[in-house]
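In the working numbering, the protein residues as written are 156 to 412.
The structure is reproduced here in structure tokens:
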């Protein structure tokens with residue numbers, strides 16, 4: 156639906172007020188289902204701010220196609236992870252349809268959605284403003300990101316290291332040889348990943364961790380052989396993304412050395 160048509164439909168629904176609600180009460184289940192589906196969709200990746208949830212909701216399919224519009228985002232005082240940390244007010248719009256001689260009217264509802272860091276904890280219907288305006292959250296802070304081709308670049312760096320090398324030598328080689336992490340969706344430069352290095356004689360371990368999406372790049376030169384792996388960092392308590400983890404992972408393999 157074109158944006159102008161959608162705005163006109165929302166305005167008409169709000170102006171009709173009680174008449175629209177009375178005529179389409181049976182369709183309120185549709186709008187509630189959309190709220191629940193959106194709530195599930197934004198539960199992961201985890202958000203820790205109201206603006207984060209607002210951005211995530213706007214990025215869902217329903218947010219992009221105009222069925223859901225974020226109207227307000229309020230940060231709540233959460234004392235524990237299971238406490239509500241955000242209240243998001245949304246406008247939900249379901250277009251009407253015609254079939255033969257019957258006509259299903261457009262439906263507009265507003266809801267307050269409550270989120271903990273883990274999930275949608277509750278929602279309820281709320282008053283819609285007379286002139287709804289979409290809330291525009293500020294862009295998130297820049298985050299660390301692994302550059303494209305980081306695995307190939309690290310393998311190349313490790314192969315070119317001299318036999319005798321210090322941790323500082325390796326850090327400088329990684330700094331020189333890694334590609335730029337690029338820009339985010341807002342056109343701002345991503346932050347480079349955190350890099351750790353371990354040197355044990357001729358063996359070298361390197362780890363690069365990007366907190367933005369928990370990407371982890373591990374690389375080793377072990378007994379002259381180079382191995383590189385890129386994936387997601389394990390959850391806390393189940394391993395890590397550090398140079399020691401890189402050496403330990405490959406040193407424990409039966410074929411290592």
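Each residue gets a CB set at the ideal place from its N, CA and C atoms; glycine is no exception.
- Nearest neighbour of residue 330 by Cα position, chosen from 354, 305 and 211, turns out to be 305.
- Taking C-beta atoms as the reference points, residue 299 and residue 340 fail to come closer than 8 Å.
- The three-state secondary structure of residue 271, taken from DSSP, is coil.
- Within 10 angstroms of the beta-carbon of residue 261 lie 16 or more other beta-carbons, which makes it buried.
- Apart from sequence neighbours up to five positions away, the residues of its chain that approach residue 360 with a beta-carbon distance below 6 Å are 353, 375, 398, 401 and 402, ordered along the chain.
- Here the alpha carbon of residue 264 sits roughly 15 Å from the alpha carbon of residue 192.
- Residue pairing for residue 349: DSSP places it in a beta bridge opposite 364.
- Contact holds between the region 227 to 241 and the region 268 to 276, because three or more Cβ pairs, one in each stretch, are under 8 Å apart.
- Sorting 189, 294, 230 and 253 by C-alpha distance to the C-alpha of residue 220 places 189 at the top.
- Boundaries of the alpha helix (DSSP H) harbouring residue 192: 183 to 196, taken from the DSSP string.
- A distance below 8 Å separates the beta carbons of residue 206 and residue 293.
- Here residue 384 has 373 as same chain residues with Cβ atoms under 7 Å from its own Cβ, once five neighbours each way along the sequence are excluded.
- Within the same chain, 325, 328, 359 and 376 come within 7 Å of residue 316 by CB-CB distance, once the 5 residues on both sides are set aside.
- Of the candidates 284, 277 and 364, 364 places its Cα closest to the Cα of residue 386.
- Annotation for residue 381: 310, 313 and 314 place their beta carbon closer than 6 Å to its own, counting only its chain and skipping 5 residues before and after.
- The C-alpha of residue 302 lies about 41 Å from the C-alpha of residue 187.
- Proximity to residue 395 across 250, 349 and 379 peaks at 349, based on C-alpha coordinates.
- Cβ contact annotation for residue 258 (same chain, cutoff 7 Å, sequence separation greater than five): 251, in chain order.
- Within the DSSP bridge table, the entry for residue 384 names 373 as partners.
- DSSP, read as helix, strand or coil, puts residue 399 in helix.
- Residue 344 places its beta carbon less than 8 Å from that of residue 297.
- Annotated three-state conformation of residue 257 is strand, per DSSP.
- Going by beta carbons, residue 228 and residue 278 fall outside the 8 Å limit.
- Per DSSP, residue 327 is one residue of the alpha helix (DSSP H) stretching across 322 to 332.
- When the five nearest sequence neighbours on each side are left out, the beta carbons in the same chain lying within less than 6 Å of the beta carbon of residue 224 are those of 246 and 289, in order along the chain.
- DSSP places residue 338 in the strand class (E or B) of the three-state scheme.
- Under the 10 Å beta carbon count, residue 351 is surrounded by 16 or more other beta carbons and is classified as buried.
- Taking C-beta atoms under 8 Å as the contact rule, residue 362 and residue 332 fail to qualify, at a distance of about 15 Å.
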